[in-house]
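Chemist: Residue numbers (the numbering used here): 469 to 774.
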Ligand code: GLU
């Protein structure tokens, strides 16, 4: 067993310390014992664990929606609607929406992501969702679909997100009506992927979008990475930056993308994209085994890049 496999095996044992997300019924049905990792460089891919599993992107999609909206409108226009400041609050917190000129703090929390959903290019809900799926499909090189069971389950239990959307609308931070913004946002959270798709997405950031069909302004990619470092791992983003030191984004499904700009992990060299699926999550929403894996990976292969 090589060093990478040992790190994987050790991290997998941590799944027992987490719990699958329970606030959305369809997510509560996930198997918390699963743990899958995919690492991708220009030349090789290494897959470990339950890599055939599919799951929904959840908050990982927030990075992509931000890029699509910012690419379309330009950063200056987007900054009128959403800031790029971390909060230290939970992802669906409503508490700060009456401070900071009522503007959402950043696109990685639900308030900012719902505003971004309303700003996506397109006249209809369908076109707005398509603007993001098309961009994602160009990166991962295959068609994606929405997991409707997860989407309907989310939509039926979206009281918090609906409350956030109404506050955004009341303060002029929503470009569409409340229900359309919510439907777009929740459909995007429900995009189905596998762990290899996540690695490709992370690899896109690792190469700054080079060698991909998905065209994005370099400045927007830089801001997306900065947002991942400062706000990507919920209210554990500070600790993640301090002890792991990689741009990363997680979702409550147990998905994580992590970006290595230049590293060496077994036969992989140069820019490396890491995709993780471990549905047993901790109190803040991050995959327990995923965090353990990245912690040891960063240390053992000297990947800290801040
Ligand atoms: N669909 C989720 C929600 O808004 C996203 C949660 C997440 O992954 O942070 O509740």
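We put the CB at the ideal spot given by N, CA and C, even for glycine.
Can you tell which of 533, 641 and 513 has its C-alpha closest to the C-alpha of residue 568?
Modeler: 641
Chemist: Please classify residue 715: does DSSP put it in a helix, a strand, or coil?
Modeler: coil
Chemist: In the DSSP assignment, what residue or residues form a beta bridge with residue 745?
Modeler: 504 and 723
Chemist: What is the rounded straight-line gap between the Cα of residue 715 and the Cα of residue 615?
Modeler: 27 Å
Chemist: Under 6 Å from any heavy atom of the ligand GLU, does the C-beta of residue 743 make it?
Modeler: no
Chemist: Consult DSSP for residue 645 and reduce its assignment to one of helix, strand or coil.
Modeler: coil
Chemist: So what does residue 660 bridge to, in DSSP terms?
Modeler: 524
Chemist: Starting from residue 565, follow the beta strand (DSSP E) in both directions and report where the run begins and ends.
Modeler: That residue, residue 565, is in no beta strand (DSSP E); it is neither H nor E in DSSP.
Chemist: What do you reckon, is the C-beta of residue 622 under 6 Å from a heavy atom of the ligand GLU?
Modeler: yes
Chemist: Of all the options 700, 497 and 633, which has the alpha carbon lying nearest to the alpha carbon of residue 555?
Modeler: 700
Chemist: Do three or more CB pairs link the region 759-773 to the region 713-727 at distances below 8 Å?
Modeler: yes
Chemist: Quick check: does the Cβ of residue 719 come within less than 6 Å of any heavy atom belonging to the ligand GLU?
Modeler: Checking every heavy atom of the ligand GLU against the Cβ of residue 719, one is found closer than 6 Å.
Chemist: So, does the region 570-590 touch the region 607-622, judging by three or more C-beta pairs under 8 Å?
Modeler: no
Chemist: In the DSSP assignment, find the alpha helix (DSSP H) that holds residue 758 and state where it starts and stops.
Modeler: Annotation: the continuous alpha helix (DSSP H) that includes residue 758 extends over 756-768.
Chemist: What residues are listed by DSSP as bridge partners for residue 728?
Modeler: 740
Chemist: Residue 776 to residue 704, Cα distance in whole Å?
Modeler: No information on residue 776 is available, as it lies outside the stretch 469 to 774 that the chain covers here.
Chemist: On the three-pair Cβ rule with 8 Å, is the region 473-489 touching the region 688-700?
Modeler: no
Chemist: Residue range of the beta strand (DSSP E) that residue 516 falls in?
Modeler: 513-517
Chemist: Can at least three beta-carbon pairs, one atom from the region 494-510 and one from the region 727-747, be found at a separation below 8 Å?
Modeler: yes
Chemist: Return helix, strand or coil for residue 733, following the three-state DSSP convention.
Modeler: strand
Chemist: Tell me, please, which residues DSSP counts as bridged to residue 614.
Modeler: 659
Chemist: Does the distance between the C-beta of residue 578 and the nearest non-hydrogen atom of the ligand GLU fall short of 6 Å?
Modeler: yes
Chemist: Taking Cβ positions, are residue 631 and residue 582 nearer each other than 7 Å?
Modeler: no
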